[in-house]
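Worksheet: one structure, shown below.
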Amino acid sequence: MSPGHEIPRTARARAFVSFAAGAGGRLLHLAVLLTGEAPGSTPYARRLLTAALSRTYADWDALRGDDPYDRTRQDLVARYARAAWHRRLGAAGRTRDPGPLGPLTPHERIAVVLRLYEGVPEEQAAALLGLPAERVRALTARASVRLARPPGGAPGAPEPAR
1 MSPGHEIPRT
11 ARARAFVSFA
21 AGAGGRLLHL
31 AVLLTGEAPG
41 STPYARRLLT
51 AALSRTYADW
61 DALRGDDPYD
71 RTRQDLVARY
81 ARAAWHRRLG
91 AAGRTRDPGP
101 LGPLTPHERI
111 AVVLRLYEGV
121 PEEQAAALLG
131 LPAERVRALT
141 ARASVRLARP
151 PGGAPGAPEP
161 AR
């Protein structure tokens with residue numbers, strides 16, 4: 001094949017490329033929130049996203065009207081949850097990252113990211129986590145309190161003198 005000639009892309013490939021170009025940034029941000037990696041260095045988040053996008057592309061023809069963003073987000077969250085369960089991140093299941101979501105367990109992190117960042121309804125978040133909606137509500141509430149608490153102190157407690 002001579003330079004400058006491209007193999008024509010199928011409509012399926014064009015549609016997926018368009019989806020990935022439009023949603024890729026937001027999905028990567030979601031992956032970074034879940035993994036807790038620093039924004040400049042995100043190899044784990046990128047691996048999770050690549051795997052989730054690969055699954056979406058493989059299932060592209062079977063989507064039949066389903067939202068590819070929801071499907072990819074679901075796969076991304078499931079991959080993170082599965083990996084977190086197997087890796088047993090940090091003490092008491094908490095991640096080791098110092099970021100704002102660092103003190104949260106993987107389930108709390110997923111609940112907060114889905115409910116507060118993504119705006120996913122409680123019932124849908126519960127289905128993604130395989131938990132009752134009441135448990136997701138409790139996870140989100142506990143995580144919100146933990147995030148509102150100053151590091152190393154009780155809520156509303158004054159900072160220690162230096």
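This note's numbering applies: residue 1 is where the sequence shown begins, and numbers increase by one.
Note that beta-carbon positions come from the ideal geometry of N, C-alpha and C, so glycine has one too.
Span separating the alpha-carbon of residue i from that of residue j
i	j	result
alanine 127	phenylalanine 19	24 Å
alanine 45	leucine 114	16 Å
glutamate 37	phenylalanine 16	27 Å
valine 112	arginine 14	33 Å
serine 54	threonine 35	19 Å
alanine 133	alanine 23	27 Å
alanine 58	arginine 26	20 Å
leucine 116	threonine 72	18 Å
aspartate 66	threonine 50	20 Å
glutamate 122	proline 68	20 Å
arginine 146	glycine 99	13 Å
leucine 89	leucine 63	Unreliable positioning characterises leucine 89 in this predicted model, as indicated by a pLDDT of 46, which lies under 50. The coordinate reading is nonetheless provided below. Their Cα atoms are separated by approximately 33 Å.
Closest by C-alpha distance to residue i, when choosing among the options
i	options	result
glycine 119	Leu30, Gly25, Ala11, Ala13	Leu30
glycine 102	Arg64, Ser144, Gln124, Thr56	Ser144
tryptophan 85	Thr105, Arg71, Thr72	Thr105
arginine 142	Gly130, Ile110, Glu123, Asp70	Ile110
Own chain partners of residue i with C-beta closer than 7 Å, once the 5 adjacent residues on each side are dropped
i	result
arginine 12	Trp60, Asp61
Own chain, CB closer than 8 Å to residue i, minus 5 neighbours either side, in chain order
i	result
leucine 48	Ala31, Leu34, Thr35, Leu76, Arg79, Tyr80, Ala83
Contacting residues, own chain, Cβ-Cβ under 6 Å from residue i (five flanking each side not counted)
i	result
glutamate 108	Leu139, Ala143
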